[in-house]
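Counting with this note's numbering, you get residues 9 to 503 for the letters of the sequence shown.
Just below is one structure, and these are the notes that go with it.
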Amino acid sequence: MKRNQALAALLLLAASCSVVSCGAEPSAQPDSTQASSPVQDTLTSAEAESNALDIAVAALPQADYGGHEFKIMDRSEQYSSVWYTYDVFSEGENGEPINDAVYQRNRILEDAVNIKIREEQSVGPTADMKKLITAGDDAYDLFTDGMSSLVSMTTGNMLYNLNDVSQLRLSEPWWDQQMRTEFNILDKLYIMTGDISIMDNEATWCILFNKTMAESFDFGDLYQTVRDGKWTLSMMQDMMKAVSSDLNGDGAVGAEDRFGYLTEAFNIYALWCGSGNKIVSLNESGLPTITMFNDRSAAIYDKVLEMQFDPNTTGIAGKNPFPGYSDLNDCFNDNRALFIYGAMSLIPDYRDSETNFGVLPAPKYDESQSQYYNTFSYCNMTGYCIPVTASDINRTGTIMEAMADISQYILTPAYYDITLKGKSVRDQESEEMIDLILATRSYDLGPIFQWGSGFSIFNSATDKKIGTFASQYEKGEKSMVKAIDKYIADISENE
């Protein structure tokens with residue numbers, strides 16, 4: 009297509025979708041304020057057409073790259089049948105919203121700047137890119153992988169500092185502003201996400217609850233509870249205890265019984281984070297600093313362990329009677345659990361389920377907490393990087409920026425409005441909660457960089473660790489400080 013034909017295609021597709029951007033996160037909402045919903049803010053058709061056209065014109069650069077093959081490396085299905093990359097490349101339209109949005113986005117960009125987008129999938133993109141960069145191979149312009157893998161490449165001069173790529177307008181809303189702030193170590197930013205990807209949303213944690221069960225136990229309107237700032241760990245725990253039951257009468261809550269809460273090992277950290285805690289934060293000088301320990305964070309740790317390891321209320325993936333994650337899903341799908349906590353990628357799993365479910369954010373510790381916080385899978389949330397071997401940084405920056413900008417009108421609506429909101433969740437209140445969750449996503453450097461033993465305090469916790477947070481922290485503090493100091497020294501050497 010010529011340039012005006014590409015614009016027409018973009019306009020047509022944008023007009024058919026709600027014009028929203030959830031890749032870039034707005035500032036977190038206070039407890040008493042309902043998070044703004046794109047559903048409420050949807051533009052009229054005429055306004056959407058005009059807005060889409062204006063932004064499309066600005067987004068598509070005036071450039072001709074002579075048919076350059078723009079190659080991107082990402083995750084294959086051999087890595088994971090759930091967490092492989094499916095938002096980078098498509099061979100053609102097939103009626104699936106995400107696939108078709110990716111195809112349309114890429115065709116518009118290809119025609120606009122005369123390139124061909126190509127994808128190379130790998131079981132381990134980070135490991136493969138390290139080898140290629142070390143060898144000086146310039147085969148790839150861009151690559152993406154899970155956050156906790158990518159951070160291993162932020163030292164050793166392997167990646168471009170995205171702050172120095174002039175074509176990237178990182179302060180624009182199609183880039184994740186929270187990530188831009190909290191990953192900007194010593195003014196060096198090597199990884200970004202936003203509307204360019206849907207995997208940041210897929211990997212964001214949320215709580216699903218059985219609405220029918222909540223109603224039968226007279227728990228009230230949990231959505232309004234969230235709006236009122238009263239959704240807390242203690243409230244969640246009380247509800248867990250109220251619904252748990254030994255249905256088969258064998259004297260214990262087991263595989264055939266009813267649970268208050270279905271969870272996994274990571275959720276100890278996830279609930280602790282939801283109470284406003286971070287293992288490591290950036291200080292005013294842009295340096296990572298340990299912030300995990302105080303009296304409040306220790307009390308929250310104990311509270312979460314009580315909830316996680318109560319055999320009368322809680323079922324844990326990988327622990328009897330639930331060998332794996334699918335067993336948790338089966339239990340929730342069978343209307344035998346009130347809460348299940350996991351990634352938003354869970355939501356479509358219940359699209360065809362008869363279970364009447366809703367979506368909630370992670371609870372606060374108590375009502376005095378200023379806002380809600382939500383976390384994500386650090387292994388599976390993907391970010392984008394530019395290898396230092398990219399043959400033309402100006403070209404790569406231009407294409408990466410245009411891809412992100414265009415995605416806010418094609419890819420994001422396809423995921424957010426059509427796939428997630430339009431087909432999977434059961435009520436408008438859940439859509440509102442999803443908006444709130446994405447708007448209050450918290451970035452903690454500790455679990456991503458794995459400096460010292462900070463994260464292992466959570467990931468390897470047992471019920472016998474209640475009351476030991478202070479001693480565990482004291483034992484591991486020196487190793488954390490040493491690891492952070494080494495990282496600061498290493499990243500300081502980057503050119």
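For glycine and all other residues, C-beta sits at the position ideal for the given N, C-alpha and C.
On a predicted model such as this, the values are computed, not experimentally measured, just so you know.
- It is roughly 33 Å from the alpha-carbon of THR162 to the alpha-carbon of ARG304.
- Shown here, TYR392 sits in a strand according to DSSP, grouped into three states.
- Between SER205 and the set ASP229, ASN107, SER224 and ALA260, the nearest pair of CA atoms involves ASN107.
- Listed in chain order, the non-local C-beta contacts of LEU230 below 8 Å within the same chain comprise PHE217, ALA222, TRP239, GLY366 and LEU368, local neighbours out to five positions each way being set aside.
- Counting only residues of its own chain and dropping the five nearest sequence neighbours on each side, ILE80 has a CB closer than 8 Å to the CB of VAL96, PHE97, ILE125, ARG126, GLU127, GLU128, TYR148, ASP149, LEU150, PHE151 and THR152.
- Note on geometry: alpha-carbon atoms of TYR423 and PRO105 lie some 7 Å from one another.
- A distance below 6 Å between beta-carbons, with the five flanking residues on each side excluded, links PHE301 to the following residues of its chain, in chain order: TYR481.
- Here GLU409 carries a helix assignment [DSSP, helix/strand/coil].
- In this structure, ASP342 is the residue among ASP342, ALA370, GLN379 and SER385 with its C-alpha nearest to the C-alpha of ASN364.
- In this structure, DSSP gives ASN165 a state outside helix and strand, which the three-state scheme calls coil.
- Put simply, the backbone Cα of ASN256 is about 7 Å away from that of GLU264.
- Around the CB of SER283, 16 or more other CB atoms lie within 10 Å, so the residue is classed as buried.
- In this structure, the CA atom of LEU313 is about 22 Å from the CA atom of PHE340.
- Distance check between SER353 and each of PRO395, ASN402, ASN165 and CYS214 places CYS214 closest, using alpha-carbon atoms only.
- Straight through space, the alpha carbons of ALA71 and TYR277 are spaced by roughly 47 Å.
- Residue pairing for ARG126: DSSP places it in a beta bridge opposite LYS79.
- With at least 16 other beta carbons inside 10 angstroms of its own, LYS372 counts as buried.
- The C-beta distance from LEU176 to VAL288 rounds to 26 Å, too long to fall under 8 Å, and the pair is not in contact.
- CA-to-CA, the gap between TYR269 and ALA250 works out to about 11 Å.
- Residues THR297 of the same chain have their beta carbon placed closer than 6 Å to that of ASN291, with the five preceding and five following residues left out of the count.
- The segment 279 to 363 contains, as complete alpha helix (DSSP H) runs of 4+ residues, the segments 303 to 316 and 333 to 341 (chain order).
- Its chain contains SER305, ILE308, TYR309, VAL312 and PHE466 as the residues whose beta carbon lies nearer than 8 Å to that of TRP280, once the 5 sequence neighbours on both sides are disregarded; these appear in chain order.
- Contact between GLU99 and TYR92 does not hold, since the beta-carbon distance rounds to 15 Å and is not under 8 Å.
- A residue is called buried once 16 or more other Cβ atoms fall within 10 Å of its Cβ, and GLN316 is buried on that count.
- By the criterion of a C-beta distance shorter than 8 Å, ARG83 is surrounded in its chain by TRP91, TYR92, THR93, GLN129, SER130, VAL131, PRO133, THR152, ASP153, GLY154 and THR390, once the five residues flanking it on both sides are discounted.
- In the three-state DSSP reduction, ASN467 falls in the helix class (H, G or I).
- Looking only at HIS76, GLU190, GLN245 and SER500, the smallest Cα-Cα distance to ASP374 is reached by GLN245.
- From the listed residues LYS429, HIS76 and MET243, the smallest Cα separation to ALA120 is found for HIS76.
- The beta carbons of ASN275 and TYR386 sit no closer together than 8 Å.
- In the structure shown, the three-state DSSP call for VAL367 is strand.
- The C-beta distance from THR271 to THR322 rounds to 6 Å, short enough to fall under 8 Å.
- For the pair TRP459 and ILE499, the CB atoms are not nearer than the 8 Å cut-off.
- For ILE456, the CB contacts under 7 Å within the same chain, skipping 5 residues up- and downstream, are MET155, SER156, VAL159 and TYR386 in chain order.
- Between the alpha carbons of VAL433 and ALA370 lies a gap of roughly 17 Å.
- The distance from the Cβ of VAL234 to that of MET441 is about 7 Å, consistent with a contact at the 8 Å cut-off.
- Under the three-state reduction of DSSP, GLN232 is assigned to helix.
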